[in-house]
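Here's the structure, in structure tokens; my notes come after.
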Amino acid sequence: MKPVVHPLKKYTRSHVKRTTTCPGCGIGIIAQATLRAIDELGLDMDGFAFVSGIGCSAWTPSPLFNADTLHTTHGRPIAFANGVKLANPDSNVMVISGDGDLSAIGGNHLIHAARRNLDLTVIMVNNAIYGMTGGQTAPTTPKGLRTITSPYGTMEHPFDISPMVASAGASYVARWTTYHVRQLTRSIKTGLQKKGFAFIEAVSQCPVQFGRVSKLGKAAAMMENYKVNSVNIRNTEGMSEEELEGKYIVGEFANIEKEELSQQWQTLKYNMAEAV
Amino acid sequence: MAEITTFSEACKGMDDCGICAFICPKDIFHPSGKMNEAGYIVPELRNEEDCIDCLNCMMYCPDFAIVAIKDKKIEEVRNG
Amino acid sequence: MDKSRVRTGDHFQIGNWACTEGAIAAGCNFAAGYPITPASEIANLLSSRLPQVGGTFLQTEDEISAVSAAIGASWAGCKVMTATSGPGVSLMLENIGFAVASETPLVIVNVQRFGPATGVPSVGLSADMVQAARGSHGDYQIIALAPESPQEMFSLTVRAFNLAEKYRVPVFLMADGFIGHMREQVKIPESDTIDIQNRKIAEPTETVLERQDFLSVDVAPMPVFGKGLKAHVTSSCHDQHGMRNLSDPQTMHNYVMTPIEKIKKGRDDIVEVSSEGLDDANIAIVSYGTVSRCARAAALLARQEGIKVGTVRLVTCWPLPDEEIRQIAEKVDAMIVLENNTGQMLPYIKAEAAHACEVSFLGPEILGQIHDPEYVLNKIKEIAQ
Chain U
0 MKPVVHPLKK YTRSHVKRTT TCPGCGIGII AQATLRAIDE LGLDMDGFAF
50 VSGIGCSAWT PSPLFNADTL HTTHGRPIAF ANGVKLANPD SNVMVISGDG
100 DLSAIGGNHL IHAARRNLDL TVIMVNNAIY GMTGGQTAPT TPKGLRTITS
150 PYGTMEHPFD ISPMVASAGA SYVARWTTYH VRQLTRSIKT GLQKKGFAFI
200 EAVSQCPVQF GRVSKLGKAA AMMENYKVNS VNIRNTEGMS EEELEGKYIV
250 GEFANIEKEE LSQQWQTLKY NMAEAV
Chain L
0 MAEITTFSEA CKGMDDCGIC AFICPKDIFH PSGKMNEAGY IVPELRNEED
50 CIDCLNCMMY CPDFAIVAIK DKKIEEVRNG
Chain S
0 MDKSRVRTGD HFQIGNWACT EGAIAAGCNF AAGYPITPAS EIANLLSSRL
50 PQVGGTFLQT EDEISAVSAA IGASWAGCKV MTATSGPGVS LMLENIGFAV
100 ASETPLVIVN VQRFGPATGV PSVGLSADMV QAARGSHGDY QIIALAPESP
150 QEMFSLTVRA FNLAEKYRVP VFLMADGFIG HMREQVKIPE SDTIDIQNRK
200 IAEPTETVLE RQDFLSVDVA PMPVFGKGLK AHVTSSCHDQ HGMRNLSDPQ
250 TMHNYVMTPI EKIKKGRDDI VEVSSEGLDD ANIAIVSYGT VSRCARAAAL
300 LARQEGIKVG TVRLVTCWPL PDEEIRQIAE KVDAMIVLEN NTGQMLPYIK
350 AEAAHACEVS FLGPEILGQI HDPEYVLNKI KEIAQ
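Protein chains in written order, with numbering that gives the first Met the number 0: chain U, 0 to 275; chain L, 0 to 79; chain S, 0 to 384.
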């Protein structure tokens, strides 16, 4: 009798025995969705480089994924990934990191990468808080929420990241929640196949930090909230601001064909080699 | 029905996680009252024959702690 | 179009040009940079030279992104460089620490300028010496070379790449605005006479646990990406396989100490000094970089007046040529440290020399203006009494 093994385990390092996330955390769901996307596309892990920053979400590929992984400094995975991809344009370079890492300290790198349209696939795990350091407010934290650094209520308005990245010039932008595992997997596949900057925002539950301060409850309750309060972007036309209040707008925000940077570099190098 | 295997040593518990119970459309996962070595209450399966092969449990478990293998007969029927 | 890597011949060129040509000759195939005076010419020239030799140049949105992209490209197998000035290094320091901890070959050119803050962009001042060694947080060592001419901006850039590859460490080239923009003769030799070193690359194994990718005093072979090595590279404290470990005290100790020991072990290979007239000298002038020209001029003037003065130029500033300085201190009566700053290398030099001779410091009369040899001669005469 062959022992039963999770079909995606073959993509993980054999000596990494446990996941490092809190009970109910959505990061593991996103890790599975990513590996499933790679599996369904029949891609070789040896053709990948996974780059991540600092924070719980950055632990998605490192140390779990059995491939070249680069776990960088806070906010900088996209900056490092630019070099990894341009140096080896044939590789699949994925960045998986959190909302604080990619949109706060790393915000500048994010919008420029979208503008450059370099062929990276970025998954931003958005749990709307700084989880690892104890629950501080993030640029994605809803206004009014009392966190450990906004004890009188978050005064600032949050970013709406996906439309922002789309307007910066990305070829593909999608947002799903951990409730939408099949759609998330599909979007990751589209992102991987897209020749250009692909950005997938994965809204994820942080039951220990966000769940606690928002009083939304534990993991299951938070996912129920995603289920009930998600609206596909295709259905938002005609909806008022009040109707969209507190809703998660999911779906594809951008899907365009556009010149891609590493291909432009290949063309330049080719022309240079031919020139006298 | 799919063949469901749970890996209790990887489970983070029905109390704080319990995503399998939440996502299963057929209410198959329940707290077993037993703890694994880490102190988490692991699931037990009830009415497995109700399973519709959706594989949600396997896909949604954040800890890779559930494997659901599709019933070949049902797959053949579905694929026509 | 001249697409050759090595532009052999006699050139009359600025230091920044020579530095670029040194990088290309050394095999650089990726550079990232952000415009900053007085280093911009290097990025300008790299953007046109790199595609000619099949390389890539990325102008980034800031210096943090520049050094990050260079490190990423190094992990993907390229020989990489970034060129900036003091303010840019200040921004890059966190990731320079990353390059140290992850043992990434990297060349950082600092065409130093007058600081602090925005200061005077186009005036050279060698005041980033301690920043190179101690600017990033934590305990670590790097290599820093100090060219004194456009010619050395060629040859020491080649050496910087070789040391970076050999020791898997970031190497600083401490130039300044004077030699960056100074035009002088630059002889570029035949390409087959230029020694080029390349990093050792790891052999494939089942997992990272079966090989040593980091933390060897003999420099572990680098698990470059894209070769199926499944490298695990992390900025966290890690073991010799690259796997994160924040609980074992010995691992934490090795994480800091081994990269330091690695450089210490190679010091005889890394350290280079250039001395003149020390055989019978009573007074030695210690300097590095651009002011060394003045040191030699002052020594000449002193000799003409019957004072026995020799010079020692630190070609390698970090690791400090401690043994060399100590040996000289034990032979002379006095050392004068000449620096174009307020005395950055002075305490380190003094620590090696003060037990054996008198050590004094002479900065320029006016900061930002290179020492006048007559001014230095007066100091020599004062000491000679």
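Glycine included, C-beta positions come from ideal geometry on N, C-alpha and C.
Computed from a predicted model, the values in this text were never measured in an experiment.
- Against residue 42 of chain U, chain L offers no close residue; the least beta-carbon distance is about 19 Å (beta-carbon pairs closer than 9 Å).
- Residue 284 of chain S carries a strand assignment under DSSP once its states are collapsed to helix, strand and coil.
- When Cβ pairs closer than 8 Å are counted between the two stretches, the segment 165–182 of chain S is seen to touch the segment 15–28 of chain S, the count reaching three or more.
- Nearest to residue 73 of chain S by alpha-carbon distance, out of S:101, S:340, S:124 and S:130, is S:101.
- When rounded, the separation of the alpha-carbon atoms in residue 97 of chain S and residue 90 of chain S is 13 Å.
- Nearest CB-CB separation between residue 58 of chain L and chain U: below the 9 Å threshold.
- Residues of the segment 64–90 of chain U with a C-beta less than 7 Å from any C-beta of chain S: 65, 66, 67, 68, 69, 70, 71, 72, 75, 78, 79, 80, 81, 82, 83, 85, 86, 87 and 90, listed in chain order.
- Annotation for residue 37 of chain S: no beta strand (DSSP E) segment contains it, and DSSP assigns it neither H nor E.
- Note that the segment 83–102 of chain U touches the segment 259–266 of chain U; at least 3 beta-carbon pairs, one per stretch, sit closer than 8 Å.
- Nearest CB-CB separation between residue 46 of chain L and chain U: not below the 9 Å threshold.
- About 13 Å separates the beta carbon of residue 262 of chain S from that of residue 320 of chain S, a gap too long to meet the 8 Å contact definition.
- Residue 40 of chain U counts as exposed, since fewer than 16 other beta carbons sit within 10 angstroms of its beta carbon.
- For residue 15 of chain L, the neighbours in chain U by C-beta distance under 9 Å run, in chain order, 21, 22, 23, 206, 207, 217 and 218.
- Distance from residue 169 of chain U to residue 116 of chain U at the Cβ level is roughly 7 Å; contact confirmed, criterion being Cβ atoms closer than 8 Å.
- Per DSSP, reduced to three states, the secondary structure at residue 55 of chain U is helical.
- By the Cβ test, the segment 161–175 of chain S is in contact with the segment 104–123 of chain S, since at least three Cβ pairs between them sit closer than 8 Å.
- Taking each of S:13, S:68, S:218 and S:213 in turn and checking the Cα distance to residue 151 of chain S, the smallest one comes out for S:13.
- Between residue 52 of chain L and residue 0 of chain L, the beta carbon gap of about 7 Å places them in contact (Cβ cut-off 8 Å).
- In terms of Cα proximity to residue 78 of chain U, the closest of S:235, S:86, S:83 and S:94 is S:94.
- Minimum Cα-Cα distance from residue 163 of chain U among the listed residues U:213, U:155 and U:174 corresponds to U:174.
- Residues of chain S with a Cβ closer than 7 Å to the Cβ of residue 264 of chain U are, in chain order, 55.
- Separation of the CB atoms of residue 83 of chain S and residue 33 of chain S is rounded to 7 Å, and the pair is thereby assigned contact status at 8 Å.
- Neighbours of residue 229 of chain S across chain U, judged by C-beta separation under 7 Å: 65, 66 and 67.
- In the three-state DSSP reduction, residue 229 of chain S falls in the coil class, being neither helix nor strand.
- Counting only residues of its own chain and dropping the five nearest sequence neighbours on each side, residue 27 of chain S has a CB closer than 6 Å to the CB of 78 and 80.
- For residue 250 of chain S, no chain U residue has a C-beta closer than 7 Å to its own C-beta; the minimum C-beta separation is roughly 15 Å.
- Residue contact check for residue 79 of chain S against chain U: a CB pair falls below 9 Å.
- Inter-segment contact for the segment 27–39 of chain U and the segment 180–191 of chain U is present: three or more beta-carbon pairs are separated by less than 8 Å.
- Closest by C-alpha distance to residue 22 of chain S, out of S:124, S:87, S:117 and S:193, is S:193.
- At a beta-carbon threshold of 8 Å, the residues of chain L lying near residue 8 of chain U are 63, ordered along the chain.
- For residue 160 of chain S, the uninterrupted alpha helix (DSSP H) run begins and ends at 149–166, by DSSP.
- For residue 30 of chain L, the enclosing beta strand (DSSP E) covers residues 28–34.
- Restricting attention to alpha helix (DSSP H) runs no shorter than 4 residues, the segment 69–147 of chain S encloses them at 85–100 and 128–133, ordered along the chain.
- Beyond the five residues adjoining it in sequence on each side, residue 140 of chain U comes within less than 7 Å, by CB distance, of 127, 128, 146, 153 and 157 in the same chain, given in chain order.
- Excluding sequence positions up to five before and after residue 113 of chain S, its CB lies within less than 6 Å of the CB of 119, 122, 124 and 367, all in the same chain and listed in chain order.
- Put simply, the CB of residue 82 of chain S is far from chain U, with every gap to its CB atoms at 9 Å or more.
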